[in-house]
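In what follows, a single structure is set out as structure tokens and then discussed.
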Amino acid sequence: LFAGEKGFEDVALEIPPTNGICGICSSSGKIGPSVSFGSSGICTVFSENVILADCCATALGNMIREGTPEEMSASAESICDVEGVDGCLCVCGGRIAICGTVPELVRGSFDDALLTRVEL
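In my numbering, the protein residues as written are 13 to 132.
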């Protein structure tokens, strides 16, 4: 999980093998060139429907404005209530909110050279 926040540098998701589709989509209010109306480090949604995961990750990212525990929990629960969403998580302000079924969080290493960069 590249959240761009202290305390999450070595957090990874352990994705088990599957014979089906495993949609994992993320949105960030702080990282990348895309426009976001939120302030999250990263919001990730899990669904067998990849398009739904993408839409809901964007929606969840836009919902996280202040990054309070209450806002993060309520936003994650709202996204998990969408039919077809298996689970989600969001990282903001050094906090993480998790709702539904998400892959196991494990320690992992990250190679900064793998980041896609946009230079203006």
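Backbone N, C-alpha and C fix where the C-beta goes; we use that ideal spot for every residue, glycine too.
By a C-beta neighbour count over all protein chains shown, 10 Å radius and 16 as the cutoff for buried, is residue i buried or exposed?
i, result
"Phe49", "exposed"
"Ala88", "buried"
"Thr56", "buried"
"Ser40", "buried"
"Ser52", "buried"
"Gly32", "exposed"
For residue i, which residues from the same chain have a beta carbon less than 7 Å from its beta carbon, with the 5 sequence-adjacent residues on both sides left out?
i, result
"Cys92", "Gly99, Cys100, Cys111 and Gly112"
"Ile63", "none"
I'd like to confirm the pairing. Which residues does DSSP put opposite residue i in its beta bridges?
i, result
"Cys34", "Answer is none; Cys34 lacks a bridge partner."
"Gly99", "Phe58 and Gly112"
"Val1", "Only positions 13 to 132 of the chain appear in the structure, and residue 1 is not among them; the question remains open."
"Ala104", "For the record, residue 104 in the displayed sequence is Cys; it is not Ala. Bridge partners of Cys104: Arg107."
"Arg119", "Val23"
"Ser87", "Answer by DSSP bridge pairing: none, since Ser87 is not bridged."
"Ser39", "Cys55"
Would you mind giving the Cβ-Cβ distance between residue i and residue j, rounded to the nearest angstrom? I have them listed as a contact below 8 Å.
i, j, result
"Gly79", "Arg107", "7 Å"
By Cβ distance, which residues of its chain are closer than 6 Å to residue i, with the 5 residues on each side in sequence left out?
i, result
"Ala71", "none"
"Ala24", "Val118 and Gly120"
Going by beta carbon distance, what residues of the same chain come within less than 8 Å of residue i, once the five residues before and after it are set aside?
i, result
"Cys68", "Cys37, Val57, Ser59, Ile91, Val94, Val97 and Cys100"
"Ile76", "Gly41, Gly50, Ser51, Ser52, Cys55, Glu83, Met84, Ser87, Cys102 and Cys104"
| message | Across the segment 102-114 and the segment 83-93, are there enough close Cβ pairs to call them in contact, namely three or more that are closer than 8 Å? | response | yes
| query | Hey, is the segment 61-78 in contact with the segment 115-124, meaning 3+ C-beta pairs nearer than 8 Å? | reply | In this structure the segment 61-78 does not touch the segment 115-124; the number of beta carbon pairs closer than 8 Å is below three.
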